Amino acid sequence: MQSFFQICNDTTEKLGRRLQDEEIRFLQWMYERYTVEQLEEELKSKEGNLYTMNS
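Be aware that the sequence shown starts at 377, since it is given in this note's numbering, and climbs by one per residue.
Right under this line is the structure:
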């Protein structure tokens, strides 16, 4: 997974300009949301693995 810093740098390069404050806030919100979803998926996967191991 890319870091938030890498995402901001990549986006800045693609746009060819500095990011505006509201764009940074949006990217931060998206990154946090993505991180939470990834952690939730990992947790579900581990819970599923524990269930099958204990069955």
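Ideal Cβ placement from N, Cα and C applies to all residues, glycine included. As the structure is a prediction and not an experimental result, all values here were calculated from the model.
- Contact check for Leu-403 and Thr-388: beta-carbon distance about 10 angstroms, past the 8 angstroms limit, so the pair fails to qualify.
- Boundaries cannot be given for Leu-395, as no alpha helix (DSSP H) includes it and DSSP labels it neither H nor E.
- The Cβ-Cβ distance between Phe-381 and Tyr-407 does not fall below 7 angstroms.
- Short of 7 angstroms from the beta carbon of Ile-383, and not among the five residues preceding or following it, lie these beta carbons of its own chain, in chain order: Leu-403 and Tyr-407.
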